[in-house]
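Take 90 as the starting number for the sequence shown in our numbering and just add one per residue.
A virtual CB, placed ideally from N, CA and C, is assigned to each residue, including glycine.
It should be emphasised that the depicted structure is a prediction, and the values quoted were computed from it without experimental measurement.
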Amino acid sequence: MPNKDRNKRSVRKARAQKRAEREAAQAASAASSKPQKAEGASKQTAVAAAKAPEKQNKPAKASNKKPGLAKRISNYFAAVRTEMKRVVWPSKDELRNYSVAVIISLVVFGVALWLVDTGIVAALVGYTSLGA
């Protein structure tokens, strides 16, 4: 059975029905082979068979509705607050080191981009002889 079909309601009902039939068949075969314990076993299976349809006939929960806009916003900010408590913030030394690394990498890539741009402009000027 594919994984996506495993939890569908119709598939679950079919499995429950097969299970109930299998248990009833086992109870019937056990009752015919052991007449002394048949009364106790038949009572247990009858109780189990009576409970199985009750579970299947329960109405669906009414909580399928989306919460209102205000409740969703409230839930969002509650989740944000919870996540912010879990964050491990860097120390001052770590923050300083990270900031220096970012600034140095910005300067390096800026200089590299400036050099490439200057080279392309020089090549275009030399090719089109606009500078002469």
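Contact set for A127: own chain, Cβ-Cβ below 6 angstroms, skip 5 residues either direction
Taking the sequence shown and counting its residues from 1, the one referred to as residue 127 is at position 38. Low per-residue confidence applies at A127: pLDDT is 47, beneath 50, and the placement is therefore not dependable enough to give any value.
Do you know offhand how far M90's Cα is from K97's?
Residue numbering aside, residue 90 sits at position 1 when the sequence shown is read from its first letter. Residue numbering aside, residue 97 sits at position 8 when the sequence shown is read from its first letter. Any reading at M90 is ruled out, since the residue's pLDDT is 49, under 50, leaving its predicted position unreliable.
What's the C-alpha gap between L195 and L204?
Numbered from 1 along the sequence shown, position 106 holds the residue referred to as residue 195. Numbered from 1 along the sequence shown, position 115 holds the residue referred to as residue 204. Looking at the two C-alpha atoms, the distance is approximately 14 angstroms.
From which residue to which residue does the alpha helix (DSSP H) around L202 run?
Counting from one through the sequence shown, the residue named residue 202 turns up at place 113. 181 to 217 is the extent of the alpha helix (DSSP H) around L202.
Have a look at K174 and Y165 and give me their C-alpha separation to the nearest angstrom.
Here residue 174 is taken as the residue at index 85 of the sequence shown, counted from 1. Here residue 165 is taken as the residue at index 76 of the sequence shown, counted from 1. C-alpha separation (whole angstroms): 14 angstroms.
Simplified DSSP assignment, three categories, for V176
As a working note, residue 176 is residue 87 in the sequence shown. V176 falls in the coil class under three-state DSSP.
With DSSP as the reference, label N164 as helix, strand or coil.
Stepping through the sequence shown from its first residue, residue 164 is reached at position 75. Correct three-state label for N164: helix.
So, with DSSP's three-state summary, where would you put K234?
The shown model of the chain, from 90 to 221, leaves out residue 234, and the question about it has no answer.
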